[in-house]
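See below for the structure under consideration.
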Amino acid sequence: MMVTDKTYKNKNRRERIKFLIKVLLYSGIVYFNLEHPAFYDKFTWLFKITNALSFFLGANIVISIAWLVVLSWYTRRHRTKPLEKDNFILGINRITSVLNTGFFVLAIPIFFGKDLLQLITSITIVAAAIALLTKDYISNMINGLIIMFSDQLSLGDYVRIGDYRGKIMDITLINVVLLNDDDDIVIIPNSVVFTTTVLNQSKQNIKKLTIEFELDHKHKFTPDRVENRLRKAIEEFEHQYRYESFSLKTIEIKKDFVQFKLQLLILHSDKENERRIKRALNTEIIAIAEGGV
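Structure below.
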């Protein structure tokens with residue numbers, strides 16, 4: 001039940017149609033069970049199917065009503081940002097999916113004619129063992145819900161999580177999906193996100209660009225000359241980055257080469273601007289490495 005801002009009306013309409021179909025189907029099953037119970041004497045397998053289906057549909061209808069009410073209430077009061085980036089909507093969708101899955105699992109023993117209350121009572125004996133085996137999964141789910149219902153991370157944010165950085169493409173109950181600068185998908189467990197220092201550059205509307213490179217001693221250069229050439233290489237982008245943030249540091253001096261680190265802050269966290277600035281700097285670094293300053 002993912003809801004996006006662009007297709008909100010269409011998806012909301014489809015959800016209402018699905019809800020109406022489920023209500024009609026559930027009403028038909030209940031009516032048939034009450035008015036024609038003798039029919040099931042010949043078809044016991046059909047009784048099991050309708051019994052399990054009525055249980056699942058009843059629970060699903062209640063969940064859908066709650067989902068529609070909460071969604072309608074929330075969207076009327078919070079339309080300041082696109083809904084596809086709204087963590088509250090994302091969290092509600094995930095909870096709905098978990099509840100529907102849970103009731104579907106409970107409907108399976110009903111289909112086989114088991115007493116649900118007796119079954120639940122009996123499995124409490126092994127509940128501790130189940131909790132122990134699934135503690136990591138449960139921990140990930142809880143951490144995922146905390147992330148979803150917070151405003152610290154949102155879909156589309158550019159973040160750095162440990163050694164990984166990229167754009168948040170999805171937040172699930174198990175992990176956070178990033179699209180890094182090389183267009184690779186990086187999947188990070190929620191437990192790692194929750195216990196790791198996270199830098200959200202989108203909240204600051206800036207992005208730090210870092211380039212490390214080495215220059216051979218055979219070419220004549222000084223740090224000041226290298227910095228001047230690199231500054232000139234990105235003069236056309238002077239309004240795209242903070243001029244005072246430009247920093248060229250000498251990291252290490254070796255026998256054969258000197259290692260530098262270049263850092264600057266790009267405004268508006270624009271991926272295309274970052275790519276163009278980075279290419280201009282890399283081109284100039286290659287030129288310096290080949291011919292010196």
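Quick note: the sequence shown uses full-length UniProt numbering, first residue 1, plus one each step. Using N, Cα and C, we set each Cβ at its ideal position, and we do this for glycine too. None of these values were measured; they are calculated from a predicted model.
query                                                                                                          : result
Gly166 - DSSP class collapsed to helix/strand/coil                                                             : strand
Nearest-angstrom Cα separation, counted from Leu199 out to Ile168                                              : 12 Å
Whole-Å CB distance - Leu265 paired with Leu281, under 8 Å assumed                                             : Contact doesn't hold; Cβ gap of about 14 Å is too wide.
Buried versus exposed call for Glu272 [16 or more other C-beta atoms within 10 Å across all chains shown]      : exposed
Start-end ranges of the beta strand (DSSP E) lying completely within the region 184 to 244, minimum 3 residues : 185 to 189, 198 to 200, 206 to 216
Where Trp67 falls, given that 16 or more other Cβ within 10 Å makes a residue buried                           : buried
8 Å contact criterion, which Val177 and Asp183 should meet: CB distance rounded                                : No, Val177 and Asp183 are not in contact; Cβ-Cβ is about 13 Å, not under 8 Å.
Same chain only: Cβ atoms within 6 Å of residue 368, ignoring 5 sequence neighbours per side                   : Any property of residue 368 remains undetermined from this structure, which presents the chain solely from 1 to 293.
Inter-residue Cα distance where the pair is Phe257 and Lys218                                                  : 8 Å
Where Thr4 sits in the DSSP three-state scheme                                                                 : With a pLDDT of only 45 at Thr4, under 50, the local geometry of the prediction cannot be trusted, and the value read off the model is given with reservation. If DSSP states are grouped into helix, strand and coil, Thr4 belongs with coil.
Reduced DSSP category for Gln263 - H, G, I as helix; E, B as strand; rest coil                                 : strand
Minimum C-alpha distance to Phe88 - residue among Ile285, Thr172, Glu235, Glu238                               : Thr172
For Tyr158: DSSP bridge partner residues                                                                       : Lys167
Contact under 8 Å by Cβ, Arg229 with Ile286                                                                    : no
Thr96 - containing alpha helix (DSSP H), residue span                                                          : 87 to 111
Residue(s) in a DSSP beta bridge with Ser247                                                                   : Gln263
C-beta contact flag for Ala59 and Phe103 at 8 Å                                                                : yes
Among Leu71, Asp115, Leu179, Lys278, nearest to Arg13 - alpha-carbon criterion                                 : Leu71
Whether Thr195 touches Ile161 by CB criterion (8 Å)                                                            : no
Local conformation of Leu178 per DSSP, three classes                                                           : strand
Own chain residues within Cβ distance below 7 Å of Met2, not counting five before or after                     : The pLDDT assigned to Met2 is 41, lower than 50, so where the model puts this residue is not dependable, and the model offers no usable value.
Backbone CA spacing between Ile211 and Ser245 [nearest angstrom]                                               : 14 Å
For Glu35: DSSP bridge partner residues                                                                        : Paired residue(s): none; Glu35 is not in a bridge.
Inter-stretch contact (C-beta, 8 Å, three-pair minimum) for the region 130 to 146 and the region 185 to 194    : yes
Residue span of the alpha helix (DSSP H) that contains Val69, given as start and end                           : 44 to 77
Backbone CA spacing between Ala107 and Phe56 [nearest angstrom]                                                : 6 Å
Where Phe149 sits in the DSSP three-state scheme                                                               : coil
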